[in-house]
Amino acid sequence: MTRMPENSSQPLLAVTHLSKFFGRQLGCHDIGFTVSPGEVIGVVGESGSGKSTLLNCIAGRIKPSNGSVFFNSSAGMIDLCRSSEALVRKIIRTQTGYVTQNAAQGLKMHISAGGNIGDKLMAGGMRHYGQIRKMALAWLERVEIDPDRIDDMPATFSGGMQQRLQIAANLVNSPKIMLMDEPTSGLDVSVQARLIDVLRKLVSGLNLSMVLVTHDLAVARLLCHRLYVMKQGEMVESGLSDQILDDPRQPYTQLLVSSVLKP
Amino acid sequence: MAPRWILKLENIEKDFVFHLQQGTRIVVFDRFSYLFFPGQASILTGPSGSGKSTLLRMIFGTYKTGGGHIWVRHRGRGVDIAAAQPARIYTLRRDTIGYVSQFLRVVPRVSALDTVIEPLLARNMDLEKARKKGRALLERLNIPSNMWHLSATTFSGGEQQRINLARGFIAPFPILLLDEPTASLDLKNRQIVIDLIKEALADNTCVIGVFHDPADHRDFDDHTIDLSLMLNQEVMQPCTQKN
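First to last, the protein sequences are chains B and U.
Its first residue numbered 0, the first sequence is counted upward by one per residue in numbering that gives the first Met the number 0.
Its first residue numbered 0, the second sequence is counted upward by one per residue in numbering that gives the first Met the number 0.
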C-alpha cells in the first residue's frame with residue numbers, strides 16, 4: 000500500500016446522496032463518501048456497476064440527478080453541483096486532474112509530449128517558454144519518460160508511456176486530487192507495474208489524494224488506503240483495503256474477492 | 000502498583016459468514032477477554048483453525064470485530080480498534096502496532112532495501128539514515144548485499160520472509176504481532192530472529208506471536224494462551240440471514 004496519509008479532520012472531498020439516472024436507467028444511487036488529503040480511495044466493482052458514472056459526476060463531466068459533491072477549496076466547502084459554472088470550472092481546472100483509461104482521449108495526439116504538458120502549464124497562467132520547457136522535461140523524467148522524447152508526438156509512444164504522459168500533464172498544475180478511471184487497464188502487466196510504481200511515488204511525494212476506479216483488486220490493494228464496493232449503482236460495502244479484501248462481509252464483495260485468480 | 004496494560008481485549012466476538020457457501024457461519028470468538036502488558040511475550044497456541052491468526056488480524060484491524068472492544072494504548076490514550084476511524088488506524092499502524100505476516104506481499108519494482116525501510120520513511124526519517132539502518136538489518140539477517148537493490152519478487156521463500164521480518168523490526172513498535180515468523184527459516188536465521196524478538200522485549204515491546212515450531216515456545220515461555228480452550232469453533236450453524 001502507499002504511504003499513510005497524515006491525520007486530517009477536514010475531508011478534501013465529500014460526496015453526499017449522489018444519484019444519476021440516464022432516463023430510466025440507473026447510473027448510481029444515493030452514494031456517499033469522503034476523501035481526506037493524501038488519501039487514496041479505490042472504487043471497485045464489475046463493469047456497469049456505476050463506478051465511472053460516479054467518477055464523472057465528481058469530475059463535473061456529468062451532471063448528477065441528485066445529491067452533492069463538496070470540495071474543500073480555499074473558500075471553504077463548495078458544492079460543485081450548486082455553484083456557478085465559472086467557479087466550478089475554475090476548481091475543476093486548478094484543483095483536480097482526470098486520467099482516463101484511453102490515453103488518446105486525455106491527450107492531444109497532434110501536439111508533442113512537451114506540448115501536452117506545456118499546454119496545461121499555459122492554461123494555468125505560465126507564459127515563459129524556457130520555464131515551460133524546463134518543467135516539461137522535469138515532469139517527463141518524473142514519470143519515467145526519456146526526456147529526449149519531448150518533441151515526439153504521443154502517437155509514437157507505447158500505451159504505457161501515453162498513460163504516464165497523461166498523468167504528468169494532469170499533475171503539472173499541482174492539483175489536490177486525481178480522479179482516475181481504470182488507468183492500468185489494457186496495459187501489459189510489466190507496464191502496469193511501472194505505472195503503479197510511478198503513482199505510488201507521486202502520491203507519497205506530493206500528498207496527493209486520489210480516487211481510483213478499477214476492477215483490478217490487486218492494483219486496488221497496492222495503491223488504495225480504503226475501498227468502496229459498488230454493485231448495480233449502489234455502494235454495498237466500504238472499509239480499509241485489507242478489511243475489504245481479507246474479510247469481506249457482503250455477499251457481493253465475497254463473490255468479487257473469491258473470483259480473482261491468484262497467480 | 001499493578002503494571003499498565005498496553006492492549007486490552009474486552010468481550011470480543013468474531014464470526015465469519017460465508018454467503019457463497021450456503022451461508023455457513025463459523026464462530027471464532029465469543030466474548031473473549033484478555034490483557035497484554037509491555038515487555039511481555041504472549042504465544043498463541045491451539046490447533047489450526049482455532050483463531051490464532053484471526054486474533055492477530057483483529058488486533059491489527061484487518062478483520063472487523065463483531066462485538067466487544069480492542070483497546071490499545073496509543074500515545075498514552077486508549078483507542079478502540081474495533082470502532083476506530085480509518086485515519087486513526089493509519090496512525091496506529093504507523094506508530095503503535097507492527098505486524099509481520101506469514102508471507103511478504105511483494106511490490107514489483109521496489110527494491111528489497113526500500114521495502115524494508117518503508118516504515119521508517121512513513122515516520123519521516125531521512126532517506127539516507129533509513130537506508131543505513133536498513134542495510135545493517137539486512138546484513139544481520141544474512142541477505143547478501145548484492146540482492147538489496149533487487150525487487151524481492153524473485154527471492155526464495157526464506158529470503159522473502161527475512162525481508163518481511165526486517166520490515167517488521169526496522170522501526171520500534173509498542174505492540175508487535177508475529178504470525179509464524181520463523182516458519183521458513185533455517186536454524187541459523189531462526190536464532191537471529193529469536194534474538195531480535197528478545198531485543199524487542201527488552202525494549203518493552205509487547206510481542207504477541209503464533210509460532211509454527213513448538214521449539215520456539217521455549218525461548219519465551221512468559222505466557223501461552225491456548226485458544227483451543229476458549230472455543231467451540233467446531234460449532235457451525237447455517238446463518239439465518241438469506242442473501
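Ideal Cβ placement from N, Cα and C applies to all residues, glycine included.
Determine the contact status of residue i and residue j, defining contact as a CB-CB distance below 8 Å.
i: U/P118; j: U/I5; result: no
i: B/T213; j: B/V98; result: no
i: B/D147; j: B/S111; result: no
i: U/A111; j: U/A151; result: yes
i: B/L54; j: B/V210; result: yes
i: B/G96; j: B/L170; result: yes
i: U/Q101; j: U/E9; result: no
i: U/I207; j: U/S52; result: no
i: U/E12; j: U/G65; result: yes
i: B/S72; j: B/I91; result: no
i: B/I323; j: B/L178; result: Summary: the structure shown does not reach residue 323 of chain B, with chain B confined to residues 0 through 262, and so no result is reported for it.
i: U/L176; j: U/Y62; result: no
i: B/L201; j: B/Q162; result: no
i: B/S64; j: B/S18; result: yes
i: U/E136; j: U/N188; result: Correcting the residue identity first, residue 136 of chain U is Leu in this sequence and not Glu. Taking 8 Å as the Cβ cut-off, U/L136 and U/N188 do not qualify as a contacting pair.
i: B/G113; j: B/I166; result: no
i: B/L139; j: B/I131; result: no
i: B/S208; j: B/K175; result: yes
i: B/H16; j: B/G232; result: no
i: B/V228; j: B/Y251; result: yes
Which residues does DSSP list as the beta-bridge partners of residue i?
i: B/N65; result: B/S18
i: U/G66; result: U/E12
i: U/D256; result: Missing from the structure shown is residue 256 of chain U; chain U here goes from 0 to 242 and no further.
i: B/V39; result: B/M209
i: U/T44; result: U/D225
i: B/D78; result: B/F69
i: U/F31; result: U/I11
i: B/M152; result: The partner list for B/M152 (beta bridge, DSSP) is empty, contrary to what the question assumes.
i: U/I96; result: U/I174
i: B/V34; result: B/L12
Taking the alpha carbon of residue i as the point to measure from, which residue in the options has its own alpha carbon closest?
i: B/M234; options: B/P10, B/K50, B/I91, B/F21; result: B/K50
i: U/F31; options: U/G50, U/F15, U/Q190; result: U/G50
i: U/R104; options: U/P37, U/L164, U/T204, U/R217; result: U/L164
i: U/R166; options: U/R92, U/R217, U/L200; result: U/R92
i: B/D241; options: B/H127, B/N101, B/V256; result: B/V256
i: U/I69; options: U/Q190, U/N188, U/A81, U/Y62; result: U/A81
i: U/R134; options: U/D202, U/R161, U/D218; result: U/R161
i: B/T155; options: B/A102, B/G59, B/Q249; result: B/A102
i: B/S184; options: B/L25, B/G159, B/I131, B/Q253; result: B/G159
i: U/L200; options: U/V27, U/D218, U/L54, U/F210; result: U/D218
i: B/V197; options: U/D29, U/Q159, U/L55, U/R108; result: U/R108
i: U/A170; options: U/D185, U/I191, U/L184, U/L195; result: U/L195
i: U/F28; options: U/P2, U/C205, U/M57, U/L34; result: U/M57
i: U/D185; options: U/T204, U/G157, U/F210; result: U/G157
i: U/R74; options: U/L55, U/Q21, U/T90; result: U/T90
Tell me the DSSP secondary structure of residue i in three-state form.
i: U/Q160; result: helix
i: B/N101; result: coil
i: U/V192; result: helix
i: U/D14; result: strand
i: B/K230; result: strand
i: B/N172; result: coil
i: U/T152; result: helix
i: B/C56; result: helix
i: U/T239; result: Because the pLDDT of U/T239 is 40, which lies under 50, any placement of that residue in the model is unreliable, and the number read from its coordinates should be weighed accordingly. Coil at U/T239, not helix or strand.
i: B/A13; result: strand
i: U/R24; result: strand
i: B/P250; result: helix
i: B/N71; result: strand
i: U/H216; result: helix
i: U/Q39; result: coil
i: B/G204; result: helix
i: U/T53; result: helix
i: U/N183; result: The sequence as given places Ser at residue 183 of chain U; Asn does not occur at that position. Of the three classes helix, strand and coil, the one that applies to U/S183 here is coil, per DSSP.
i: B/I243; result: helix
i: B/T95; result: strand
i: B/E143; result: coil
i: B/E84; result: helix
i: U/D113; result: helix
Just to check my reading of the structure: residue i and residue j have Cβ atoms closer than 8 Å, yes? What is that Cβ distance to the nearest angstrom?
i: B/K107; j: B/D118; result: 7 Å
i: U/V106; j: B/L260; result: Not confirmed; about 19 Å, so no contact.
i: U/T95; j: U/V71; result: 6 Å
i: B/G182; j: B/Q100; result: Reading the sequence as shown, one finds Pro at residue 182 of chain B and not Gly. With 8 Å as the limit, B/P182 and B/Q100 qualify as a contact, their Cβ atoms being about 7 Å apart.
i: U/T181; j: U/D215; result: 6 Å
i: B/T248; j: B/L239; result: Residue identity check: residue 248 of chain B is Arg in the sequence provided, not Thr. Between B/L239 and B/R248 the Cβ distance is about 13 Å, and since that is not below 8 Å, they are no contact.
i: U/L19; j: B/Q253; result: 6 Å
Any heavy atom of the ligand NAD within a distance shorter than 7 Å of the CB on residue i?
i: B/V197; result: Looking at this structure, you won't find the ligand NAD or any other ligand, since it has none at all.
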